[in-house]
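Peer 1: Line by line, the protein sequences are chains A and B. For the first sequence, position 201 matches number 200 in numbering that gives the first Met the number 0, and the numbering has no gaps at all. For the second sequence, position 26 matches number 25 in numbering that gives the first Met the number 0, and the numbering has no gaps at all. We put the beta carbon where it would ideally sit given N, CA and C, even for glycine.
There are 2 protein chains.
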Amino acid sequence: MAVMERATETQSAYLLVRRAILAGELLPGQRLVEKELSERFRVGRAAIRTALARLEQEGLVESEPFRGARVRTIGEAEAVEILEARAALEALAAHHAAQKATPEQAEALWAIHRQMEERHRAGDLLGMSELNSLLHRTLVEISGHQTAARLIEGLRAQGVRHQFHTILVPGRPQQSLEEHRRIIAAVAAHRPEEAEAAMKAHLGGVIAALKRIGRSTL
Amino acid sequence: MAVMERATETQSAYLLVRRAILAGELLPGQRLVEKELSERFRVGRAAIRTALARLEQEGLVESEPFRGARVRTIGEAEAVEILEARAALEALAAHHAAQKATPEQAEALWAIHRQMEERHRAGDLLGMSELNSLLHRTLVEISGHQTAARLIEGLRAQGVRHQFHTILVPGRPQQSLEEHRRIIAAVAAHRPEEAEAAMKAHLGGVIAALKRIGRSTL
DNA sequence: GTCAACCATATTGTCAACAATCCGTGCGGC
DNA sequence: GCCGCACGGATTGTTGACAATATGGTTGAC
C-alpha cells in the first residue's frame with residue numbers, strides 16, 4: 000500500500016486523507032484545515048481541496064461554505080440506516096453470487112469461513128472482524144455486480160467505527176459464524192433466494208447487536 | 000431555478016454541470032473540457048474542476064489523469080444493475096414508509112396516483128413519467144430514511160436516460176399503474192413486508208421492460 | 001507507401017497570491 | 001456587569017500564471 004502507483008497528487012491526497020479517516024487518525028467531528036492536511040501529507044492545497052470535495056460526496060466528510068470541512072460524525076441512528084442499506088444491497092449481491100458462483104469460488108468462501116472458526120477458537124476477535132470483511136468483499140466480488148459493489152464500499156467506509164463494536168456483544172461471534180455458514184451454503188448450492196434471505200438475516204443480526212449496544216451504553 | 004441562492008461558485012458549478020448532464024445538454028461520451036465549461040457557465044475553472052471531481056465520485060462523469068473528463072456512458076447492462084440496486088433500496092424505503100406513513104401522507108400518494116391515471120387516459124406519457132418520479136420521491140421522503148434517499152437519488156440520476164424509455168413498452172403504463180396501486184395500498188395499510196415486496200415487483204417490471212427494449216433494439 | 005521519431009498544440013495538474021468570509025476578542029456604552 | 005459592535009486573525013474561495021502531460025500532424029528515413 001505504500002507504493003501509491005505514481006499517480007497525480009490529487010489522487011494521492013484523496014487516498015491519504017480517506018485512509019487517515021478510516022484508520023481513525025482523523026476523528027469524527029475533527030476539523031480538517033486545508034493547510035494542515037496539506038503540510039501533513041506533503042501535497043498542495045489544491046489537491047487537498049478536491050480530495051475533500053470527493054470525500055464529502057462520499058459521505059465521509061461534511062463541510063459548510065467558508066467554514067471548512069470536518070469528519071462526519073455518524074451516530075447510532077445513522078449507523079443503523081447504513082447497515083440497513085448495506086443489508087439491502089448485499090442481499091442483492093448474494094442473490095447474484097448464488098447464480099454465478101463457481102465451485103472454486105464457493106470453496107474460497109468456505110476457506111475464509113474455516114479461518115474465521117479458527118480465529119474464534121483462538122479468541123482473536125480482531126482477526127475475525129477482518130476475515131468478516133474479507134468474506135463480505137469476496138461475496139460481492141463473486142456477484143460481479145459493480146454498481147452494488149461501489150455503493151456497498153461507500154457504506155462500509157462510513158460504518159467502520161460502529162461495525163467494529165458489534166462483535167463485542169456476548170454470543171455474537173458464534174451467531175455470526177452460523178449466519179455466514181448459511182449464506183455460503185446457499186451460494187454454493189446456487190439458491191439465490193435463500194442466499195438473499197440469509198444475508199438479510201445476517202445483517203439483521205448485526206443491526207440487532209448494534210441496537211443492543213446503543214441501549215446498554217445509554 | 001434561476002436564482003441559485005447566493006452560494007459559492009463551486010456549488011453553482013456543480014449544480015449547473017449536473018443539471019446540464021441530466022437534461023441531456025451534455026451527452027454521454029462527450030468530452031468535458033474545463034475551459035469550455037468554465038466559459039459556458041461563467042464560473043472559474045477551479046469551480047468546474049471540483050464540480051467534475053464530485054460528479055465523478057457520483058458516477059455521472061469519468062475521467063483519466065491528464066486526459067480530461069467525459070460524461071459517463073451507461074449501457075443497458077449497467078442500467079439493469081442500477082435498477083436492481085434501486086429496487087433493493089426503494090424496497091427498504093417502502094418498508095419504512097409503511098411503518099411511518101400518516102393518513103395525510105397516504106392520501107398524498109393516492110392523489111399522485113389519481114393524477115397519473117388522468118395523464119394515462121390523456122395519453123400523456125411524459126407527464127406520467129414525471130409523476131412517476133414524484134411518486135417514488137415522495138415515498139422515499141415518507142420513509143425518512145436519509146441514507147437510502149441519498150443513494151437512490153444518485154442512482155436515479157445515473158439512470159435517467161434509460162428509465163425514460165421503459166414507459167414506451169406496450170402495455171407498460173397500465174401495468175405500472177397497477178403496481179403502484181399495490182405499493183400505495185400496502186403503505187397506507189401499514190404492511191411493511193407487503194410494501195417491500197410490491198416495490199420489488201414494480202421495479203422488477205421496469206427491469207423486464209428495459210430488457211425487452213434491449214432485445215428489440217439489438 | 002509505411003513507419004517511427006519529433007514537434008506544436010491543446011488540455012490538465014499544480015502553485016502562489018489575493019479576495020471574501022467567519023469567529024473570537026476587546027472596546028465602549030449603558 | 002452586560003450587551004452591541006467594530007476589529008484582527010484565521011481560514012476558505014477565487015484567480016491567474018506556469019509546469020506536466022497527452023494528442024495529432026509533420027517530417028524524414030527506409
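Quick one: grab the DSSP three-state call for A:GLU8.
Peer 2: Helix, per DSSP.
Peer 1: Under 9 Å Cβ-Cβ, which residues of chain A neighbour B:ALA96?
Peer 2: Simply none; closest approach about 13 Å.
Peer 1: If contact means a Cβ-Cβ distance below 8 Å, which residues of the stretch 122 to 147 of chain B contact chain A?
Peer 2: Going along the stretch 122 to 147 of chain B in chain order, one finds HIS144, GLN145, THR146 and ALA147 with a Cβ nearer than 8 Å to chain A.
Peer 1: Tell me which same chain residues have a C-beta within less than 6 Å of the C-beta of A:VAL16, skipping the five on either side of it?
Peer 2: For A:VAL16, where only same-chain residues beyond five positions count, the Cβ hits under 6 Å are ALA50.
Peer 1: Using the rule of at least 16 other Cβ atoms within 10 Å of the residue's Cβ for burial, across every protein chain shown, is A:GLY158 buried or exposed?
Peer 2: Buried: at least 16 other Cβ atoms inside 10 Å.
Peer 1: Kindly say whether A:LEU88, judged by its beta-carbon, lies nearer than 7 Å to any beta-carbon of chain B.
Peer 2: For A:LEU88, the answer is yes, since a Cβ of chain B falls inside 7 Å of its Cβ.
Peer 1: Would you tell me roughly how many angstroms separate the C-alpha atoms of A:VAL32 and B:ILE111, rounded to the nearest one?
Peer 2: Cα-Cα distance, rounded: 46 Å.
Peer 1: Who are the neighbours of A:PRO27 on chain B, taking C-beta pairs under 8 Å?
Peer 2: Residues of chain B passing the Cβ test: none, with the nearest at roughly 16 Å.
Peer 1: For B:GLY58, which of helix, strand or coil comes out of DSSP?
Peer 2: Coil.
Peer 1: From A:ALA148 to B:LEU150, what does the alpha carbon distance come to, in whole angstroms?
Peer 2: Their backbone Cα atoms lie some 13 Å apart in a straight line.
Peer 1: Under a CB-based cut-off of 7 Å, is B:GLU193 close to chain A?
Peer 2: No, B:GLU193 lies away from the interface with chain A (no Cβ there is under 7 Å from its Cβ).
Peer 1: Out of curiosity, what's the CA-to-CA distance linking B:GLN162 and B:LEU133?
Peer 2: Rounded to whole angstroms, B:GLN162 to B:LEU133 spans 14 Å at the Cα level.
Peer 1: Tell me where the beta strand (DSSP E) around B:ALA68 begins and ends.
Peer 2: Residues 67 to 70.
Peer 1: Let's see if you can read the secondary structure: which residues bound the alpha helix (DSSP H) around A:GLY158?
Peer 2: Start and end: 145 to 165.
Peer 1: Thinking C-beta only, is A:GLN104 closer than 7 Å to A:ILE141?
Peer 2: For A:ILE141 and A:GLN104, yes; Cβs fall inside 7 Å.
Peer 1: Would you please verify whether the beta carbon of A:GLN56 is less than 7 Å from any beta carbon of chain B?
Peer 2: A:GLN56 counts as touching chain B.
Peer 1: Say whether the stretch 92 to 100 of chain A touches the stretch 39 to 54 of chain A, bearing in mind that this needs 3 or more beta-carbon pairs closer than 8 Å, one atom from each stretch.
Peer 2: Verdict: no, contact absent.
Peer 1: On a CA-only basis, which of B:GLY143, B:ALA194 and B:ARG136 is nearest A:GLU80? Give me that one, please.
Peer 2: That would be B:GLY143, whose Cα lies nearest to the Cα of A:GLU80.
Peer 1: Tell me whether the beta-carbon of B:GLN222 lies closer than 7 Å to the beta-carbon of B:GLY126.
Peer 2: Beyond the ends of chain B as shown, which are 0 and 217, falls residue 222 of chain B; an answer cannot be given.
Peer 1: Please report the straight-line C-alpha distance between A:ILE206 and A:SER128, rounded to a whole angstrom.
Peer 2: Each residue's Cα considered, the two are about 15 Å apart.
Peer 1: Taking the alpha-carbon positions, what's the B:ALA96 to B:LEU138 distance?
Peer 2: The straight-line gap from Cα to Cα measures roughly 7 Å.
Peer 1: Are there 16 or more other CB atoms within 10 angstroms of the CB of A:THR9, so buried, or fewer, so exposed?
Peer 2: With 16 or more Cβ atoms within 10 Å of its Cβ, A:THR9 is classed as buried.
Peer 1: Is the CB of A:GLU83 under 7 Å away from at least one CB in chain B?
Peer 2: True, the Cβ-Cβ gap to chain B drops below 7 Å.
Peer 1: Whole-angstrom Cβ separation of A:ALA87 and B:ALA200, contact assumed at under 8 Å?
Peer 2: That pair is no contact at about 15 Å.
Peer 1: Taking the C-alpha atoms as reference points, what is the distance between A:HIS189 and B:GLN29?
Peer 2: Those two C-alpha atoms are separated by around 41 Å.
Peer 1: Excluding the five sequence neighbours on either side, which residues of its own chain have a C-beta within less than 7 Å of the C-beta of A:ARG180, listed in chain order?
Peer 2: The residues are HIS112.
Peer 1: Provide the residue span of the alpha helix (DSSP H) that contains A:THR101, from first to last.
Peer 2: Where A:THR101 is concerned, there is no enclosing alpha helix (DSSP H), given that its DSSP letter is neither H nor E.
Peer 1: For B:ALA52 and chain A, any beta-carbon pair shorter than 7 Å?
Peer 2: Yes, its Cβ sits closer than 7 Å to a Cβ of chain A.
Peer 1: Start and end of the alpha helix (DSSP H) containing A:VAL186?
Peer 2: 171 to 187 is the span of the alpha helix (DSSP H), which, as asked, contains A:VAL186.
Peer 1: So is A:LYS68 buried or exposed if we call it buried at 16+ other beta carbons inside 10 Å?
Peer 2: The sequence as given places Ala at residue 68 of chain A; Lys does not occur at that position. Answer is buried; the Cβ neighbour count reaches 16.
Peer 1: Are A:ALA52 and B:ARG53 close, meaning C-beta to C-beta below 7 Å?
Peer 2: Yes, the Cβ-Cβ distance between A:ALA52 and B:ARG53 is below 7 Å.
Peer 1: Which bits of chain A does B:GLU80 rub up against, with CB to CB less than 8 Å?
Peer 2: Near B:GLU80 (Cβ distances below 8 Å), the residues of chain A are HIS144, GLN145, THR146 and ALA147.
Peer 1: Within its chain, find whatever has a CB closer than 6 Å to the CB of A:GLU4; leave out the 5 residues flanking it on each side and keep chain order.
Peer 2: Residue placement at A:GLU4 is flagged as unreliable, the pLDDT there being 48, under the threshold of 50; the coordinate-derived value follows with that caveat. Cβ within range, chain order: n/a, list empty.
Peer 1: Output needed for B:GLU193: all residues of its chain with C-beta closer than 6 Å, excluding positions within five of it in sequence on either side, in chain order.
Peer 2: Cβ neighbours of B:GLU193 beyond the five flanking positions: ALA185.
Peer 1: If you draw a straight line from the alpha carbon of B:GLY213 to that of A:ARG160, how long is it in whole angstroms?
Peer 2: Taking the straight line from one Cα to the other gives about 43 Å.
Peer 1: Spatial neighbours of B:ALA78 within its chain, please: CB distance less than 7 Å, with the 5 preceding and 5 following residues excluded, ordered by chain position.
Peer 2: Contacts found: GLY158, HIS161 and LEU209.
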